[in-house]
Amino acid sequence: MESACDDINLECYIQRLRLLDFFMAEEFTVSDVTLLRTLVLQHHTLFQQLYPGNDVPKFHYEAHIPTQILLYGSPRQQWCFRFEAKHAFFKHLLRITRSLKNQSYTLSMRHQTWQAGLMLLSAKGESGPFLSNAAHCGIS
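Quick look at the structure:
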């Protein structure tokens with residue numbers, strides 16, 4: 001039985017971290033994309049050897065990322081992590097409020113109240129108006 005701390009398992013984890021670091025780069029060259037293809041293949045092959053039968057669908061999508069980088073640019077500009085975080089915020093809020101009557105209104109009011117609180121407590125809010133000062137915009 002293998003331990004999760006074996007050298008080969010650790011190597012697979014390190015390769016995974018390298019891939020994620022590579023995906024978050026802001027700029028790529030053609031040689032970077034070629035290297036990325038090799039790294040993805042190496043990681044996926046090692047993962048299949050270590051964990052047979054544990055197919056991860058996201059790994060299949062990762063095999064297409066080098067081509068997408070050539071077509072569309074850095075995947076950093078296309079990720080959805082922030083959208084997932086916002087969705088989690090609303091799911092959490094819905095569980096807390098337990099409102100079944102006009103959920104959209106309840107969620108939008110709670111979100112806007114939360115956003116207003118953030119704006120009020122922001123660094124800009126401490127030193128002056130959050131949005132702008134009408135005098136600086138030429139409005140009198």
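Here the sequence shown stands for residues 1 to 140, numbered as in UniProt numbering. Backbone N, C-alpha and C define an ideal beta-carbon position, used for all residues, glycine too.
- Sixteen is the threshold: when 16 or more other Cβ atoms of the shown chains lie within 10 Å of the Cβ of Leu19, as they do, the residue is buried.
- In the structure shown, Lys101 adopts coil according to DSSP, grouped into three states.
- Within the same chain, and ignoring the five residues on either side of Glu27 in sequence, the residues whose Cβ sits closer than 8 Å to its Cβ are Ser74.
- Under the three-state reduction of DSSP output, His60 falls in the helix class.
- The three-state secondary structure of Glu84, taken from DSSP, is helix.
- Look at Ala25 here: in three-state DSSP terms it is coil, with no helix or strand label.
- Only exposed fits Val56, as fewer than 16 other CB atoms lie within 10 angstroms of its CB.
- If you check the CB distance, Val30 and Pro66 do not come in under 8 Å.
- Remark: three or more beta-carbon pairs, one from each stretch, lie closer than 8 Å, so the region 9 to 18 and the region 41 to 49 are flagged as touching.
- Just measuring C-alpha positions, the residue of Ala88, Tyr51 and Cys12 sitting nearest Leu39 is Cys12.
- Here Leu118 is actually not in contact with Leu107; their C-beta atoms are around 16 Å apart, not less than 8 Å.
- DSSP places Asn9 within a helical segment (H, G or I) once states are collapsed to three.
- Within the same chain, and ignoring the five residues on either side of Thr113 in sequence, no residue has its Cβ closer than 7 Å to its Cβ.
- DSSP, read as helix, strand or coil, puts Ser108 in helix.
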